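In case it helps, our numbering puts the sequence shown at residues 19 to 498.
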Amino acid sequence: MPSSLASVTSARRTPARLIALLLAALTVTATAWLTTPTLEPADAAPQTIVSLTFDDGNANQQAAVDLLDKYGMKGTFYVASGYLGAPEYFTMDQVKAIAAEGHEIGGHTVSHPDLTALSTAQATRQVCYDRVRLSEAGLTIRSFAYPFAAVNDVAKQAVVDCGYNSARGLGDLDMTRGRNKINAESVPPPDPFVLRAPPQVETSWTLADLKGVVTRAERTGGWVPITFHNVCASGCDISVTPKVFDQFLTWLKPRAAQGTVVQTVGDTIGGDAKPTVPGPPIDPVPSGGNGVVNGGAEEVNADGTPRCWMRGGYGANTAELSTVDAAHTGAKATRVTVSGYADGDAKWLQAFDLGECSPQVTPGHTYSLRSWYTSDAVTQFAVYLRDAEGRWHYWTSSPWFAASSTFTQAVWTTPEIPADMSGISFGLSMFSNGTITTDDVEIYDTRDAPPPAESATEASGLRDAPAISAQVEPQGDPEE
19 MPSSLASVTS
29 ARRTPARLIA
39 LLLAALTVTA
49 TAWLTTPTLE
59 PADAAPQTIV
69 SLTFDDGNAN
79 QQAAVDLLDK
89 YGMKGTFYVA
99 SGYLGAPEYF
109 TMDQVKAIAA
119 EGHEIGGHTV
129 SHPDLTALST
139 AQATRQVCYD
149 RVRLSEAGLT
159 IRSFAYPFAA
169 VNDVAKQAVV
179 DCGYNSARGL
189 GDLDMTRGRN
199 KINAESVPPP
209 DPFVLRAPPQ
219 VETSWTLADL
229 KGVVTRAERT
239 GGWVPITFHN
249 VCASGCDISV
259 TPKVFDQFLT
269 WLKPRAAQGT
279 VVQTVGDTIG
289 GDAKPTVPGP
299 PIDPVPSGGN
309 GVVNGGAEEV
319 NADGTPRCWM
329 RGGYGANTAE
339 LSTVDAAHTG
349 AKATRVTVSG
359 YADGDAKWLQ
369 AFDLGECSPQ
379 VTPGHTYSLR
389 SWYTSDAVTQ
399 FAVYLRDAEG
409 RWHYWTSSPW
419 FAASSTFTQA
429 VWTTPEIPAD
439 MSGISFGLSM
449 FSNGTITTDD
459 VEIYDTRDAP
469 PPAESATEAS
479 GLRDAPAISA
489 QVEPQGDPEE
């Protein structure tokens with residue numbers, strides 16, 4: 019009996035002992051929890067990285083720079099070095115000042131061409147020359163963005179060969195809410211030379227659209243590079259207003275507490291800047307040879323333009339530029355017809371590039387420009403030069419050539435090429451109502467030029483005309 023009573027008493031005391039032990043354990047756990055330091059969200063590895071990137075070097079992006087500085091954020095600015103200093107674009111000094119504030123400067127080629135439409139040599143020049151020029155200005159250049167987001171094996175290899183660490187595309191990340199869609203790039207990315215990004219920010223985008231890009235990426239974590247072009251209140255395309263951009267940064271900044279951070283492309287990819295690569299050299303106008311590529315317009319691109327030629331012109335007039343069968347030799351010639359003329363001009367010119375189509379010239383040398391033409395109005399050579407940084411400038415115009423109903427060779431010798439100029443582009447222009455047909459265009463260094471045709475018309479014997487304006491609109495704005 020005592021034995022049984024003792025067992026019962028012991029059993030009845032067991033819950034009380036368990037409760038006491040549990041309370042003791044909770045006390046120890048609570049004490050440990052109160053005394054053990056916890057990681058703040060800012061100290062933890064970020065779950066989502068947002069890169070704010072800006073293309074082309076538009077001067078109105080200064081509004082974005084000021085707002086980024088206000089919120090303590092850093093952006094990546096991809097600039098086309100050949101546009102620096104042109105109207106409505108940053109100057110090199112402004113770009114250097116942006117870098118001094120801690121923002122990243124990236125490459126975007128010299129003159130913003132579609133790299134997929136270029137030869138290997140020309141694509142490599144565009145990418146390498148751009149990086150060399152920016153690096154020589156004291157900038158650290160690690161990141162690249164493809165113009166027009168156009169990439170193929172040639173463009174990608176050029177970026178690799180020129181020493182970049184990454185290259186950004188566009189439109190590879192989804193803009194829908196679908197849960198099976200890819201809304202963020204991986205870190206590290208599967209291919210750093212085709213970085214995936216959402217479509218570019220369009221003028222129609224709202225604050226909700228910008229937030230959605232981030233919140234969709236936050237579902238899985240990862241990296242979302244957002245691409246802006248113009249930053250202006252009104253009057254520009256492919257744009258975001260400063261007000262909406264300010265609201266977006268106001269919303270984005272506190273999200274760092276939950277692991278969504280803003281970081282440049284270069285810092286996200288990592289790695290030091292590699293040595294610069296000069297790129298393929300450009301051959302000058304050959305000794306005794308014609309430096310114009312496809313001077314007879316026999317090779318025609320899919321869009322109807324002769325290979326290595328571009329449409330140029332400006333002003334208040336209606337211009338039609340085409341290729342025709344009425345040739346001096348061969349099967350093709352180029353034609354310009356102007357109507358409704360008030361001012362300006364229109365002409366075919368050698369493509370403004372880095373030497374594949376535009377002839378390479380030597381400072382101090384003079385050159386013989388030649389073109390066969392028929393015209394029902396006077397005409398003249400309009401001449402443009404490329405500087406050492408790859409930028410194009412109007413230089414001069416020849417005296418007038420008389421109208422001619424039959425093919426006549428126009429011949430004119432340029433003044434000496436100024437220092438720091440490396441390339442030339444020229445063409446006979448129509449600066450009134452009328453039609454001109456041109457064919458068999460040539461350029462020779464006058465030191466070893468062959469004699470012109472016996473029937474050639476020298477410009478020096480005709481009336482001089484005021485040089486036409488330094489305007490040309492052959493390629494449009496560098497927008498994606």
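No residue lacks a Cβ here, since even glycine has one placed at the ideal position from N, Cα and C.
All of these numbers come straight from a predicted model, not from anything done at the bench.
Separation of residue 449 and residue 264 (C-alpha to C-alpha, rounded to the nearest whole angstrom) is 47 Å. The criterion of a C-beta distance shorter than 8 Å is not satisfied by residue 272 and residue 69. The residue from 84, 101 and 81 with its alpha-carbon nearest to that of residue 405 is 101. Runs of the beta strand (DSSP E) spanning 3 or more residues and lying entirely within the region 79 to 127 occur at 94 to 97 and 122 to 125, in chain order.
Residues of the same chain with a CB within less than 7 Å of the CB of residue 384, apart from the 5 flanking positions on each side, are 431, 432, 433, 434 and 464 in chain order. Beta-carbon to beta-carbon, residue 341 and residue 352 are separated by about 6 Å, close enough to satisfy the 8 Å threshold.
Of the other Cβ atoms in all chains shown, fewer than 16 fall within 10 Å of the Cβ of residue 170; this residue is therefore exposed. Annotation for residue 265: the continuous alpha helix (DSSP H) segment containing it runs 260 to 270.
The distance from the Cβ of residue 350 to that of residue 318 is about 7 Å, consistent with a contact at the 8 Å cut-off. DSSP, reduced to helix, strand and coil, places residue 238 within a helical segment of the structure shown. In the DSSP assignment, residue 153 falls within the alpha helix (DSSP H) that extends over 138 to 154. Per DSSP, residue 368 is not a residue of any alpha helix (DSSP H); the beta strand (DSSP E) it occupies stretches across 363 to 368. For residue 390, the CB contacts under 6 Å within the same chain, skipping 5 residues up- and downstream, are 346, 425, 427, 457 and 458 in chain order. If you draw a straight line from the Cα of residue 444 to the Cα of residue 382, it comes to about 18 Å. In this structure, 201 is the residue among 201, 226, 466 and 223 with its C-alpha nearest to the C-alpha of residue 216.
The closest CA to that of residue 333, considering only 361, 80 and 452, is found on 361.
Under the three-pair Cβ rule at 8 Å, the region 285 to 300 does not count as touching the region 310 to 317.
Pairing residue 397 with residue 370 gives a Cβ-Cβ distance that is not under 8 Å. Contact between residue 245 and residue 219 holds, since their C-beta atoms are separated by about 6 Å, short of 8 Å.
A straight line joining the alpha-carbon of residue 258 with that of residue 287 spans about 26 Å. Under the DSSP definition of a beta bridge, residue 76 partners with 107.
If you ignore the 5 residues before and after residue 192, its C-beta comes within less than 7 Å of the C-beta of 199, 200 and 201, all in its own chain and listed in chain order. Take residue 422, set aside five residues on each side of it, and the residues of its chain with a beta-carbon closer than 8 Å to its own are 391, 392, 393 and 475, in chain order. Judged by DSSP in its simplified three-state form, residue 284 adopts helix. According to the DSSP assignment, residue 351 belongs to the beta strand (DSSP E) that extends over 351 to 357. For residue 189, the closest alpha carbon among the candidates 214, 180 and 120 is that of 214. If the five residues before and after residue 325 are omitted, its C-beta is found closer than 6 Å to the C-beta atoms of 312, 317 and 319, all from its own chain and listed in chain order.
In terms of Cα proximity to residue 72, the closest of 209, 329 and 107 is 107. Counted as a single uninterrupted DSSP element, the alpha helix (DSSP H) harbouring residue 175 occupies residues 171 to 179. Between residue 283 and residue 204, the CB-CB gap reaches or exceeds 8 Å. Straight-line measurement puts the Cα of residue 98 at about 6 Å from the Cα of residue 129. Spatial neighbours of residue 81 in its own chain (CB-CB distance under 6 Å, excluding positions within 5 residues in sequence) are listed in chain order as 249 and 260.
Beta bridge pairing from DSSP links residue 163 with 186.
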